[in-house]
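Structure record follows, encoded as structure tokens.
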Amino acid sequence: QQPVQSPQAVILREGEDAVINCSSSKALYSVHWYRQKHGEAPVFLMILLKGGEQKGHDKISASFNEKKQQSSLYLTASQLSYSGTYFCGTSNTGTASKLTFGTGTRLQVTL
Amino acid sequence: DGGITQSPKYLFRKEGQNVTLSCEQNLNHDAMYWYRQDPGQGLRLIYYSQIVNDFQKGDIAEGYSVSREKKESFPLTVTSAQKNPTAFYLCASSIGWGLFFGSGTQLSVL
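Those sequence lines, one after another, are chains F and A. Residue 29 in our numbering sits at position 29 of the first sequence, with consecutive numbering throughout. Residue 139 in our numbering sits at position 28 of the second sequence, with consecutive numbering throughout.
Dropping the structure here:
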């Protein structure tokens with residue numbers, strides 16, 4: 001079953017913060033986050049594993065609430081380059097096999 | 112430079128025709144995937160392969176076929192049985208926990 005992302009869209013001014021949420025009705029082992037710019041391929045941002053281990057890079061951070069089967073992506077001091085659509089992918093394994101993706105959150109950062 | 116190459120960038124299919132989308136990677140990744148993306152929707156898994164000469168159906172495999180004869184290559188054929196093939200198709204590879212995507216192929220029906 002597809003995870004639910006919220007909000008569906010958000011517009012920010014440069015320097016503002018945003019939180020994107022991803023909820024699943026299934027027990028999760030890992031949550032993966034990707035960003036896709038218009039007309040381009042999605043780019044891997046980070047993975048959160050059950051037990052708290054986090055792998056990723058960049059200044060963007062995230063959390064994983066195992067009890068609630070929820071993950072949140074935190075974008076602080078947003079930059080114009082943060083604009084794009086953010087997807088979460090959920091899995092009952094720690095690998096990228098058989099990810100189920102949400103419908104995405106469209107983020108636009110303006111001056 | 113290492114990466115994933117998808118071709119062609121744009122493809123048009125006539126009714127009743129089979130078309131093949133190419134995906135090549137030089138990242139030495141074992142696992143490869145095909146996803147379909149429709150406007151306003153997330154990515155949906157068509158097929159995946161974790162090793163040469165083996166592949167599994169994803170969530171929407173009907174109307175599609177794949178082969179994995181070489182580690183570097185994972186072509187996707189959209190058959191005439193796929194009645195709604197217009198979509199953006201993404202190929203990806205993985206060495207474990209992250210997916211690395213190609214630039215995609217936009218398939219449209221004439």
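Yeah, the Cβ is synthetic: ideal placement off N, Cα and C, and Gly gets one too.
- Rounded to whole angstroms, the separation of the alpha carbons of S71 (chain F) and N21 (chain F) is 6 Å.
- Secondary-structure assignment with DSSP links A198 (chain A) through a beta bridge to A:L218.
- Residue environment analysis places F87 (chain F) among the buried positions, since at least 16 neighbouring C-beta atoms fall within 10 angstroms of its C-beta.
- Contact of P7 (chain F) with chain A is not assigned, every C-beta pair being separated by 7 Å or more.
- Taking the CA atoms as reference points, T100 (chain F) sits about 5 Å from T90 (chain F).
- In this structure, DSSP gives S25 (chain F) a state outside helix and strand, which the three-state scheme calls coil.
- Distance between L210 (chain A) and S30 (chain F), taken at the CA atoms: about 14 Å.
- Between P186 (chain A) and M143 (chain A), the alpha-carbon positions lie close to 10 Å from each other.
- The alpha-carbon of K125 (chain A) is positioned some 45 Å away from that of Y74 (chain F).
- Minimum Cα-Cα distance from Q136 (chain A) among the listed residues A:N164, A:G151 and A:G213 corresponds to A:G213.
- In terms of CA proximity to R179 (chain A), A:V163 leads the group A:S191, A:V163, A:A192 and A:D170.
- S78 (chain F) and Q108 (chain F) have their C-alpha atoms roughly 10 Å apart.
- DSSP, reduced to helix, strand and coil, places L187 (chain A) within a strand of the structure shown.
- Looking at the DSSP output, V10 (chain F) sits in a beta bridge with F:L107.
- Per DSSP, D165 (chain A) is one residue of the beta strand (DSSP E) stretching across D165 to K168.
- The residue from A:S133, A:G153, A:L138 and A:R147 with its alpha-carbon nearest to that of A198 (chain A) is A:R147.
- Secondary-structure assignment with DSSP links K120 (chain A) through no beta bridge to anything.
- Annotation for R179 (chain A): no beta strand (DSSP E) segment contains it, and DSSP assigns it neither H nor E.
- Between P7 (chain F) and G102 (chain F), the C-beta spacing is not below 7 Å.
- Between C202 (chain A) and L48 (chain F), the alpha-carbon positions lie close to 23 Å from each other.
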